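S.K.: Residue numbers (this note's numbering), protein chains in the order written: chain F, 89 to 249; chain P, 89 to 249; chain H, 89 to 249; chain Y, 89 to 249. Just so you know, even glycine gets a beta-carbon here, dropped at the ideal spot from N, CA and C. In this text the structure is predicted, and so the values were computed from the model without any measurement. Take a look at this one; I'll ask things after.
Number of protein chains: 4
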Amino acid sequence: MQIRILATGGTFDKEYNELNGELFFKDTHLADMLRLGRSHLEIAVETLMMIDSLQMTADHRARILARCLEVPEQHVVVTHGTDTMAETAGVLGPVITGKTVVLTGAMVPYTFGSSDGIFNLGTALAFAQVLPAGVYVAMNGSYFPWHSVRKNRIKGVFESV
Amino acid sequence: MQIRILATGGTFDKEYNELNGELFFKDTHLADMLRLGRSHLEIAVETLMMIDSLQMTADHRARILARCLEVPEQHVVVTHGTDTMAETAGVLGPVITGKTVVLTGAMVPYTFGSSDGIFNLGTALAFAQVLPAGVYVAMNGSYFPWHSVRKNRIKGVFESV
Amino acid sequence: MQIRILATGGTFDKEYNELNGELFFKDTHLADMLRLGRSHLEIAVETLMMIDSLQMTADHRARILARCLEVPEQHVVVTHGTDTMAETAGVLGPVITGKTVVLTGAMVPYTFGSSDGIFNLGTALAFAQVLPAGVYVAMNGSYFPWHSVRKNRIKGVFESV
Amino acid sequence: MQIRILATGGTFDKEYNELNGELFFKDTHLADMLRLGRSHLEIAVETLMMIDSLQMTADHRARILARCLEVPEQHVVVTHGTDTMAETAGVLGPVITGKTVVLTGAMVPYTFGSSDGIFNLGTALAFAQVLPAGVYVAMNGSYFPWHSVRKNRIKGVFESV
Numbered sequence: 089m090q091i092r093i094l095a096t097g098g099t100f101d102k103e104y105n106e107l108n109g110e111l112f113f114k115d116t117h118l119a120d121m122l123r124l125g126r127s128h129l130e131i132a133v134e135t136l137m138m139i140d141s142l143q144m145t146a147d148h149r150a151r152i153l154a155r156c157l158e159v160p161e162q163h164v165v166v167t168h169g170t171d172t173m174a175e176t177a178g179v180l181g182p183v184i185t186g187k188t189v190v191l192t193g194a195m196v197p198y199t200f201g202s203s204d205g206i207f208n209l210g211t212a213l214a215f216a217q218v219l220p221a222g223v224y225v226a227m228n229g230s231y232f233p234w235h236s237v238r239k240n241r242i243k244g245v246f247e248s249v
Numbered sequence: 089m090q091i092r093i094l095a096t097g098g099t100f101d102k103e104y105n106e107l108n109g110e111l112f113f114k115d116t117h118l119a120d121m122l123r124l125g126r127s128h129l130e131i132a133v134e135t136l137m138m139i140d141s142l143q144m145t146a147d148h149r150a151r152i153l154a155r156c157l158e159v160p161e162q163h164v165v166v167t168h169g170t171d172t173m174a175e176t177a178g179v180l181g182p183v184i185t186g187k188t189v190v191l192t193g194a195m196v197p198y199t200f201g202s203s204d205g206i207f208n209l210g211t212a213l214a215f216a217q218v219l220p221a222g223v224y225v226a227m228n229g230s231y232f233p234w235h236s237v238r239k240n241r242i243k244g245v246f247e248s249v
Numbered sequence: 089m090q091i092r093i094l095a096t097g098g099t100f101d102k103e104y105n106e107l108n109g110e111l112f113f114k115d116t117h118l119a120d121m122l123r124l125g126r127s128h129l130e131i132a133v134e135t136l137m138m139i140d141s142l143q144m145t146a147d148h149r150a151r152i153l154a155r156c157l158e159v160p161e162q163h164v165v166v167t168h169g170t171d172t173m174a175e176t177a178g179v180l181g182p183v184i185t186g187k188t189v190v191l192t193g194a195m196v197p198y199t200f201g202s203s204d205g206i207f208n209l210g211t212a213l214a215f216a217q218v219l220p221a222g223v224y225v226a227m228n229g230s231y232f233p234w235h236s237v238r239k240n241r242i243k244g245v246f247e248s249v
Numbered sequence: 089m090q091i092r093i094l095a096t097g098g099t100f101d102k103e104y105n106e107l108n109g110e111l112f113f114k115d116t117h118l119a120d121m122l123r124l125g126r127s128h129l130e131i132a133v134e135t136l137m138m139i140d141s142l143q144m145t146a147d148h149r150a151r152i153l154a155r156c157l158e159v160p161e162q163h164v165v166v167t168h169g170t171d172t173m174a175e176t177a178g179v180l181g182p183v184i185t186g187k188t189v190v191l192t193g194a195m196v197p198y199t200f201g202s203s204d205g206i207f208n209l210g211t212a213l214a215f216a217q218v219l220p221a222g223v224y225v226a227m228n229g230s231y232f233p234w235h236s237v238r239k240n241r242i243k244g245v246f247e248s249v
């Protein structure tokens with residue numbers, strides 16, 4: 089079973105620019121993370137975009153949807169900023185059939201030594217392998233069907249609606 | 089859905105004794121790891137033993153089996169040394185019915201800043217939630233049914249047999 | 089020999105707010121850093137302020153100067169943002185006599201798993217113990233007398249002028 | 089001012105072999121550590137040996153002494169296991185004149201995410217630049233002249249004798 093990971097950016101992949109003190113995107117760290125996790129899954133990593141999910145437009149979401157439909161794999165993980173992850177899931181959910189697509193992200197950048205990114209990546213890859221076809225969000229150890237998930241921005245956690 | 093984690097030790101929970109340069113066990117780091125992973129799952133962590141899996145005897149395995157059967161949860165994760173993880177799975181597999189039990193571990197101690205422990209914990213918790221009843225090993229991003237898994241000690245990875 | 093550390097903030101002590109993705113100050117991490125460095129020096133840590141050095145005014149610098157003069161220790165380390173560290177050194181330098189005062193900081197926050205903060209802290213504490221009375225900046229492994237140092241903001245390093 | 093670092097091994101440079109769970113030596117991590125510390129010192133790193141200091145013989149110490157004398161630099165840092173660091177200092181001390189030689193090490197391997205190695209490296213490089221000619225041990229934030237230092241193995245700290 090091959091899995092496709094579509095990287096779109098988000099906190100997951102942010103880095104610290106030590107010259108100006110700002111956060112920015114360079115490349116995805118997914119290859120590093122998979123190596124550190126000793127993953128031996130067959131995974132094709134593809135960077136679709138590298139942006140903050142607050143800056144995602146309908147066009148960006150259309151591209152993510154199109155790629156989910158185009159790729160040959162039946163099992164897809166989308167790494168995504170947490171702020172609008174539920175919104176993107178809501179775009180993918182009604183259209184995608186016959187594939188298991190799992191969106192995940194992180195509250196703290198991988199490069200800041202946090203562990204929620206690699207924990208979430210682990211859960212997302214597992215859910216993508218075994219959940220029935222459909223679109224899901226994998227955060228905080230749980231999976232949420234696309235039509236019943238939101239981010240609680242006060243608490244910084246995902247919850248069912 | 090509540091999940092029970094039974095900690096038995098293994099590389100996962102080893103620490104470095106800076107006075108004598110040896111590895112040892114103190115307490116499990118599961119609470120820290122779940123906190124860093126921003127897990128919001130309902131989890132009961134229970135330390136059954138804190139040993140190297142090379143020192144596990146039939147008695148130890150009988151205790152693990154007994155606890156898997158006794159606990160009220162239908163979803164159980166067992167953290168375990170990798171060297172004899174497949175052997176313990178082979179003890180649990182033929183007896184446990186109606187529960188999903190997932191064994192996992194790490195190649196590098198959590199306290200050494202490695203990431204395979206927290207990645208594996210993520211996959212194990214996800215598999216424990218969605219795989220059908222049975223006993224599995226979750227390592228290297230994959231799950232393996234108890235009757236068809238071994239550790240390749242040369243490569244340091246788990247593979248199907 | 090007792091050493092006083094006066095914490096003023098700077099990148100050294102910044103943290104990541106995972107709810108809004110911004111950097112902020114809470115408490116200094118100096119106690120943690122000294123513990124991880126296995127320091128057995130007699131050190132009194134005192135937080136004077138917790139601000140970005142770009143927001144430092146003449147009043148802030150006057151307070152730092154006053155505290156350097158008031159404290160009983162002859163050996164003082166000031167942790168400080170790098171952007172205006174040389175400017176503060178220029179305020180302290182002409183006034184302080186009979187004490188060794190060393191300013192240091194970091195390019196990457198300690199909480200981001202960087203190592204320049206703890207490396208710089210090591211050099212600053214060593215320089216504060218053995219350099220003759222005077223005011224210095226300790227960055228990039230070197231010490232610079234207060235009257236001949238500037239931050240090269242393009243390269244992100246300190247250099248002699 | 090150029091500084092020579094002579095690496096001899098010790099806990100500083102130990103790594104974890106995830107296949108057999110043992111600690112071993114591969115290469116020194118000094119280049120990584122200097123890069124993370126944003127050092128801009130002129131430093132020549134040279135690996136003399138890569139061993140545990142409990143396995144150091146009189147021959148090994150004679151090699152270290154010979155190299156300290158031969159290298160053109162007046163400022164030398166020797167990275168060394170902590171267990172017999174004081175003994176090696178006792179071999180170098182009576183012979184070396186006109187150079188500042190500072191021995192340092194770590195209680196926890198750099199690769200285990202510890203911070204005492206990089207903290208100690210910072211102090212050692214600073215002491216090597218400014219202490220008068222002589223042989224010293226730099227540990228726990230302090231420097232100790234070669235003739236009055238021992239490791240307290242119960243506490244894991246260096247102290248004056």
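#1: Pick from H:T188, H:D120, H:F200 and H:A150: whose alpha carbon is nearest that of H:M252?
#2: I want to see whether chain Y comes within less than 8 Å of H:S230, judged by CB atoms only; does it?
#3: Between F:G210, F:V223 and F:Y198, which has its C-alpha nearest F:G98's C-alpha?
#4: Ends of the beta strand (DSSP E) at Y:V245?
#5: Using a Cβ-Cβ cut-off of 8 Å, state whether H:M195 counts as contacting chain F.
#6: Tell me whether H:N108 sits in a helix, a strand or coil according to DSSP, three-state version.
#7: Would you mind giving the Cβ-Cβ distance between H:S141 and H:T188, rounded to the nearest angstrom? I have them listed as a contact below 8 Å.
#8: Excluding the 5 residues flanking Y:L191 on each side, which residues of the same chain have their C-beta closer than 6 Å to its C-beta?
#9: Below 7 Å CB to CB, which residues in the same chain sit around P:G244 once its five sequence neighbours on both sides are set aside?
#10: DSSP state of Y:R241, grouped into three classes?
#11: I believe H:F207 touches Y:G210 by the beta-carbon criterion, under 8 Å. Please report the beta-carbon distance rounded to the nearest angstrom.
#12: Counting only C-beta atoms, is P:V223 closer than 8 Å to chain F at any point?
#13: Please work out which residues of its chain come closer than 8 Å, Cβ to Cβ, to P:R155, disregarding the five sequence neighbours upstream and downstream, and give them in chain order.
#14: Rank H:L122, H:G109, H:V159 and H:K102 by C-alpha distance to the C-alpha of Y:S230 and give the top, closest one.
#15: Assuming Y:M173 is part of the alpha helix (DSSP H), what are its boundary residues?
#16: Kindly say whether Y:I206, judged by its beta-carbon, lies nearer than 8 Å to any beta-carbon of chain H.
#17: Between Y:Q90 and Y:A132, which are expected to be in contact by the criterion C-beta below 8 Å, what is the C-beta distance as a whole number of angstroms?
#18: Given a cut-off of 8 Å, decide if F:V223 and F:R238 are closer than it, judged by their beta-carbon atoms.
#19: Counting only the same chain and skipping the five closest in sequence on each side, list residues whose C-beta sits under 7 Å from that of H:V179.
#20: List the residues of chain H that F:E106 touches, going by C-beta distances under 7 Å, in chain order.
#21: Counting only beta-carbon separations shorter than 8 Å, does Y:R155 have a partner in chain H?
#22: If you compare alpha carbons, which of P:N228, P:G181, P:A216 and P:A221 is closest to P:R92?
#23: Distance check for F:E175 and Y:L118, CA to CA, integer angstroms please.
#24: Counting only Cβ pairs nearer than 8 Å, list the residues of chain Y close to P:L111.
#25: According to DSSP, what are the bridge partners of F:R149?
#26: Would you call the CB atoms of Y:S202 and H:N228 closer than 8 Å?
#27: Between H:T99 and chain F, is there a C-beta pair that is closer than 8 Å?
#28: Over what stretch of residues does the beta strand (DSSP E) that includes Y:V166 continue unbroken?
#29: For a test of the three-state rule: what should DSSP assign to Y:L129, helix, strand or coil?
#30: Using a Cβ-Cβ distance under 8 Å, would Y:R241 count as near chain P?
#31: Indicate the three-state DSSP secondary structure (helix, strand or coil) for P:V60 in the structure shown.
M.R.: Here's the rundown:
#1: A query on residue 252 of chain H cannot be resolved here, the shown segment of chain H reaching from 89 to 249 and no further.
#2: Here residue 230 of chain H refers to the residue found at position 142 when the third sequence is read from its first residue. For H:S230, the answer is yes, since a Cβ of chain Y falls inside 8 Å of its Cβ.
#3: Position 10 of the first sequence, counted from the start, is the residue given in the question as residue 98 of chain F. Answer by Cα proximity: F:Y198.
#4: Position 157 of the fourth sequence, counting from 1, holds the residue named residue 245 of chain Y. Taken as a continuous stretch (DSSP letters only), the beta strand (DSSP E) holding Y:V245 covers V245 to S248.
#5: As a working mapping, residue 195 of chain H is identified with position 107 in the third sequence. Yes, contact with chain F.
#6: Translated into positions along the third sequence, residue 108 of chain H becomes position 20. If DSSP states are grouped into helix, strand and coil, H:N108 belongs with coil.
#7: Residue 141 of chain H sits at position 53 when you count from the first residue of the third sequence. Residue 188 of chain H sits at position 100 when you count from the first residue of the third sequence. Contact flag wrong, Cβ pair sits at about 21 Å.
#8: Start at 1 with the first residue of the fourth sequence, and residue 191 of chain Y comes out as number 103. If we look at Y:L191 and ignore the five residues flanking it on each side, its Cβ neighbours are V166, H168, M173, A177 and V225.
#9: By 1-based counting over the second sequence, the position of residue 244 of chain P is 156. Once the five neighbours on either side are set aside, the close Cβ partners of P:G244 are M195.
#10: Translated into positions along the fourth sequence, residue 241 of chain Y becomes position 153. If DSSP states are grouped into helix, strand and coil, Y:R241 belongs with coil.
#11: Reading the third sequence from its first residue, position 119 is the one you call residue 207 of chain H. Reading the fourth sequence from its first residue, position 122 is the one you call residue 210 of chain Y. Right, their Cβ atoms sit about 4 Å apart.
#12: Indexing the second sequence from 1 puts residue 223 of chain P at position 135. No, P:V223 lies away from the interface with chain F (no Cβ there is under 8 Å from its Cβ).
#13: As a position in the second sequence, residue 155 of chain P is number 67, starting the count at 1. Once the five neighbours on either side are set aside, the close Cβ partners of P:R155 are L94, E134 and L136.
#14: Start at 1 with the first residue of the fourth sequence, and residue 230 of chain Y comes out as number 142. Out of H:L122, H:G109, H:V159 and H:K102, H:L122 has the C-alpha closest to the C-alpha of Y:S230.
#15: The residue given as residue 173 of chain Y occupies position 85 in the fourth sequence. Per DSSP, Y:M173 belongs to the alpha helix (DSSP H) from M173 to L180.
#16: Position 118 of the fourth sequence holds residue 206 of chain Y. It does: the Cβ of Y:I206 has a partner Cβ on chain H nearer than 8 Å.
#17: What you label residue 90 of chain Y is simply residue 2 of the fourth sequence in a count that begins at 1. What you label residue 132 of chain Y is simply residue 44 of the fourth sequence in a count that begins at 1. Correct: roughly 7 Å between the Cβ atoms.
#18: Here the question's residue 238 of chain F lines up with position 150 in the first sequence. Here the question's residue 223 of chain F lines up with position 135 in the first sequence. Not a contact, by the Cβ cut-off of 8 Å.
#19: Taking the third sequence and counting its residues from 1, one reaches residue 179 of chain H at position 91. Excluding positions up to five away in sequence, the list reads R149 and L153.
#20: As a position in the first sequence, residue 106 of chain F is number 18, starting the count at 1. In chain order: M195, V196 and G244.
#21: Looking up residue 155 of chain Y in the fourth sequence gives position 67. No - not a single Cβ of chain H is within 8 Å of the one on Y:R155.
#22: Taking the first residue of the second sequence as 1, we reach residue 92 of chain P at position 4. Selected option, being the one with the closest Cα: P:A216.
#23: Within the fourth sequence, residue 118 of chain Y is the residue found at index 30, counting from 1. Within the first sequence, residue 175 of chain F is the residue found at index 87, counting from 1. Their Cα atoms are separated by approximately 47 Å.
#24: Locating residue 111 of chain P in the second sequence gives position 23, where the first residue counts as 1. G109, listed in chain order.
#25: As a position in the first sequence, residue 149 of chain F is number 61, starting the count at 1. F:R149 is not bridged to any residue.
#26: Within the fourth sequence, residue 202 of chain Y is the residue found at index 114, counting from 1. Within the third sequence, residue 228 of chain H is the residue found at index 140, counting from 1. No, they are not a contact pair.
#27: Looking up residue 99 of chain H in the third sequence gives position 11. Output row for H:T99: interface = yes.
#28: Within the fourth sequence, residue 166 of chain Y is the residue found at index 78, counting from 1. That run of the beta strand (DSSP E) goes H163 to T167.
#29: Within the fourth sequence, numbered from 1, the residue matching residue 129 of chain Y stands at position 41. Coil at Y:L129, not helix or strand.
#30: Residue mapping note: residue 241 of chain Y aligns to position 153 of the fourth sequence, counting from 1. It does: the Cβ of Y:R241 has a partner Cβ on chain P nearer than 8 Å.
#31: Outside the displayed span of chain P (89 to 249) sits residue 60 of chain P, for which this structure offers no information.
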